[in-house]
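Numbering (my numbering), first residue to last: 948 to 1064.
C-beta atoms are modelled at their ideal positions from N, C-alpha and C, and glycine is treated no differently.
Okay, so here's the structure we're looking at.
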Amino acid sequence: MKLVIGVVRPEKANDVLEALYRAEVRGVSMTRVQGHGGELDRVETYRGTTVKVGLSEKVRFEIAVSDSFVDRTIDALCSGGRTGEVGDGKIFVVPLERVVRIRTGETDVAAVTPVEK
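Have a look at this one:
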């Protein structure tokens, strides 16, 4: 089991959701976050004052999947989130030690969605 974490541009969030749906990946958590990566610093004018903007708005997806769904989840995040420009985001794959589905008490692979049939 893995936790796949994808951080993408907010304007690409719907494209990522659609790509995940097409890849039959379910059970997605989505959070608006701020961060700084490889983007160049932006300078904006706010009420007549020049302000250096250090953090960019991003959307963070967290998806717990069985091992057989890791590659298709990564592919969906990439295809939905890619613009080809600096700042498209990152994907992190982290091992999951334990998962429990609260409703049924199922654990580990039985508790993650999706599971290869």
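One Cα belongs to E991, the other to S1013, and the distance between them is close to 43 Å. With fewer than 16 other Cβ atoms from the protein chains shown falling within 10 Å of its own Cβ, V1033 counts as exposed.
Per DSSP, R1029 lies in no alpha helix (DSSP H) segment and is marked neither H nor E. Spatial neighbours of K1037 in its own chain (CB-CB distance under 8 Å, excluding positions within 5 residues in sequence) are listed in chain order as G953, V954, G984. Here R1045 is exposed: its Cβ has fewer than 16 other Cβ atoms, across all protein chains shown, within 10 Å. Less than 8 Å divides the Cβ of A970 from the Cβ of R1019. About 17 Å separates the CB atoms of D1035 and R979; that is not less than 8 Å, and the two are not in contact. Per DSSP, the continuous alpha helix (DSSP H) segment holding L964 begins and ends at 960–969. In its chain, beyond the 5 residues on either side, G953, V955, V1006, F1008, A1023, L1024, G1027, G1028 have a beta carbon closer than 8 Å to the beta carbon of V963. Burial state of L967 is buried, judged by a 10 Å Cβ sphere holding 16 or more other Cβ atoms. Secondary structure note for A1011: its beta strand (DSSP E) is the uninterrupted segment 1003–1012.
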